[in-house]
Structure formats: C-alpha cells, structure tokens
Amino acid sequence: MYDQINGVNLYYDRIGTGMPIIMLHGFGPDSELMKGCMEPIFDENSPFERIYIDLPGMGKTENYEAVRSADDMLKLLLAFIHKNLPEQDFLLAGESYGGYLARGILSQMTTRVKGLLQICPVIHPEQGKRTLPKPQIIYQDEQLMASLSADEQAEFIENGVVLTAKNWRRLISEVLPGLITADHDHLRLYEQRYALSFNPDEQLQFAHPSLFLFGRQDSTVGYQDGLALIEHYPRASFAILDGAGHNLQIEEEKVFKELVTDWLNRFSYLN
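At the far end of the sequence shown sits residue 274, using this note's numbering, and the numbering has no gaps.
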C-alpha cells in the first residue's frame, strides 16, 4: 500500500496484528530483504504487526526526488510513524543502513520505542572510519560457482562468505531484485549526504530489549565498531557470528532465527 508522506508516495506492507515492528532494509535492496529473513519467524498467532517500508530510491516507493540526504530520510520516516502510529509504542528492526536509520529514529523517539534489532548495522556512515576485517571466503561450492556468470559470481562474493546453492537462491530471491531495480542515479546523489547531521548514538541510553548481530567476516561494515555501543544498551545482547558476512541473516539462518526469537521473547515476557 501507499501513503503520501511529505510529498513522497511511500510504499509499505503491514502484516499481522499486535505490537508494531518497523522494518528497515539496507542501502540498495528493498523490503523483500527484511521480509525474507523476518517473516519465517512469525505465524498467524504472533502478537506483532510487521511494517515493511521501501526506502526512497528503492523498491516501489515513488516521488522521492526531494529525499536527498539522511536527514531528509529520517524526517520522512518520523513523519510516517507520527501519521500511522500516533501515540503508539513500537519496535524497530534495521539491517545495514536501515540499522543506522533505526538508531536515528530511536534517538528522536526514545520513549516510544520498546525494542531494537540491529542486523549488520552501519555504525560509522563514513567508510573511512570503519574497522573492517579483510575480505574472506569461508566456503564455496565450486560446482555452483562454475555455473554462474562472472557478474553473478561478483554479486555473490561481494557480501557473501559462505557460497552455497541455498544461500545463492535466497540472495537472488530476497536481495538482488531490489538491487537491480533501484534508482542508482538517485542513490549516487544521496550517497553524498549519507550521514545524519548528528551522531544518533552519542547521548543514547536505551534500557529495553535489544539485539545487535554482527558477521565475523563482514568486510562491509565490520563488527568491532559496534561493540563500542554496548554500554548504551544495558538490555542488549551482542552476537558476533562466525561464518557470516554482510548477508548474516542468510548465511547463519538458524542462529539468526533463534536470536531474533529470543529478542521478541524478551520483549514479550521481560519488558
């Protein structure tokens, strides 16, 4: 469905009923990335409403030309929340750049956010400030790789460290379609102001159930920088998963589901 927010025709899906969780994908893909990893965790009896948003320049959102910076993006997301969840508490879940934006929302609406999930989150928007491991392949299916074109191999290797047929199928189902259809001209313009004008983590103290997931071999955003946030989140679990790169939710599917389920349970039973 669409909603007119600050002149943007913002596309989003709402699935289920209950406590809302706002789902924010990373930079380049669309909301299918978050649906692919999150929806298998829920069933028809889950007490959570999932709200999946296509960020401007990605997915089905239209009329986004005025969203040219991270501050513009944050203003849009805050306006969407105020309109669609008036006076209502909610949870936030973000992957990669969506994790950075989620912390931006949290910094502005701390009293209404009751839980936070961060999947391979951007900590430093400036790439030069990131502490990154060297790119590494843990395992690859040689027969599969030989069957792929050079471009397909490059796409798989860019963020993957466990290169199996199962992981490839999920990548081409959940991630690559959004990357292909994204408005890359607009995203290149946006990248010039990719960082918020303030540090969303600087003054934050968030005492609600949270979960930070990092890939040990994630050479896109890394894991070490995120550990510096641990004292800002006294109710957070931090996990660094071996055998996982920037596609952690795909490469460590079983552990991902267990840890996210634990996060949801901590909100439901201990919040």
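Built from N, CA and C at the ideal position, the CB exists for glycine as well.
On a Cα-Cα basis, can you pick out the residue from the options that is closest to residue i?
i: G39; options: E47, N48 and Y55; result: Y55
i: R106; options: R133, L80, I8 and F51; result: L80
i: P59; options: D6, T20 and Y272; result: D6
i: L95; options: S72, D74, G229 and F51; result: F51
i: R71; options: E261, Y236, Q195 and A247; result: Q195
i: Q130; options: Q146, G225, L147 and R173; result: G225
i: L216; options: K169, S240, L166 and G10; result: S240
i: L230; options: M22, R133 and E42; result: R133
i: D57; options: D46, T223 and F30; result: F30
i: K33; options: E42, T64 and G21; result: Here residue 33 turns out to be Asp, not Lys, going by the sequence shown. Closest option to D33, Cα to Cα, is T64.
i: Q206; options: E90, N162, E234 and Q91; result: E234
i: T264; options: V165, D46 and R17; result: D46
i: D144; options: A168, Q156, L199 and P138; result: A168
i: P89; options: V164, A198 and P23; result: P23
i: Y15; options: L199, R238 and R53; result: R53
i: Q227; options: G97, P43 and I126; result: I126
i: A185; options: T20, R17, G21 and H28; result: H28
i: V11; options: K78, Q91 and R238; result: K78
i: A73; options: R17, M41 and I108; result: I108
i: V258; options: T114, M41 and T223; result: M41
From residue i to residue j, what does the alpha carbon distance come to, in whole angstroms?
i: L179; j: N66; result: 23 Å
i: E158; j: P128; result: 22 Å
i: D154; j: I160; result: 10 Å
i: H62; j: I175; result: It is worth fixing the name first, because residue 62 is Gly in this sequence and not His. Taking the straight line from one Cα to the other gives about 15 Å.
i: N202; j: M76; result: 15 Å
i: F209; j: F93; result: 14 Å
i: F270; j: L119; result: 10 Å
i: E232; j: S150; result: Here the sequence assigns Leu to residue 232, which means Glu is not the residue at that position. Roughly 42 Å separates the two Cα atoms.
i: M112; j: L182; result: 30 Å
i: G102; j: D221; result: 15 Å
i: Y236; j: L190; result: 31 Å
i: L192; j: N48; result: 43 Å
i: N9; j: M148; result: 45 Å
i: D204; j: S110; result: 7 Å
i: N170; j: M4; result: 29 Å
i: M26; j: E177; result: 14 Å
i: L214; j: G246; result: 19 Å
i: W266; j: S200; result: 30 Å
i: G19; j: Q91; result: 16 Å
i: K86; j: N268; result: 28 Å
i: Y142; j: L251; result: 14 Å
i: E68; j: L104; result: 19 Å
i: Y288; j: N162; result: It is not possible to answer for residue 288, since the shown part of the chain is limited to 4 through 274.
i: T223; j: G97; result: 16 Å
i: T114; j: R238; result: 15 Å
i: E256; j: D188; result: 33 Å
i: G21; j: R173; result: 28 Å
Would you please state the rounded distance, in angstroms, between the beta carbons of residue i and residue j? I believe it to be under 8 Å.
i: I253; j: R219; result: So it is not a contact: roughly 15 Å between Cβ atoms.
i: F83; j: L36; result: Incorrect: roughly 19 Å between the Cβ atoms, too far for contact.
i: P136; j: S99; result: At roughly 16 Å, the Cβ-Cβ gap does not stay under 8 Å, so P136 and S99 are not in contact.
i: V2; j: Q146; result: Given a span of 4 to 274 for the chain in the structure shown, any question on residue 2 remains unanswerable.
i: H278; j: K117; result: What is shown of the chain runs 4 to 274, which leaves residue 278 out entirely.
i: K260; j: I122; result: Not quite, the Cβ-Cβ distance comes to about 12 Å (not below 8 Å), so this is no contact.
Does the beta carbon of residue i sit closer than 8 Å to a beta carbon anywhere in chain C?
i: E98; result: No chain C appears in this structure, which consists of one protein chain only.
>> Threshold first: 4 residues or longer. Then list the alpha helix (DSSP H) segments lying entirely within the region 85-113, N to C.
In response: As far as the region 85-113 is concerned, its whole alpha helix (DSSP H) runs of at least 4 residues are 100-111.
> At what residue ranges does the region 247-272 contain a whole run of the beta strand (DSSP E), taking only runs of 3 or more?
Replying inline: Within the region 247-272, no complete beta strand (DSSP E) run reaches 3 residues.
> Taking only runs of the alpha helix (DSSP H) that begin and end inside the region 168-193, which ones reach a length of at least 4 residues, in chain order?
Replying inline: Within the region 168-193, complete alpha helix (DSSP H) segments of at least 4 residues are found at 168-173 and 179-184, given in chain order.
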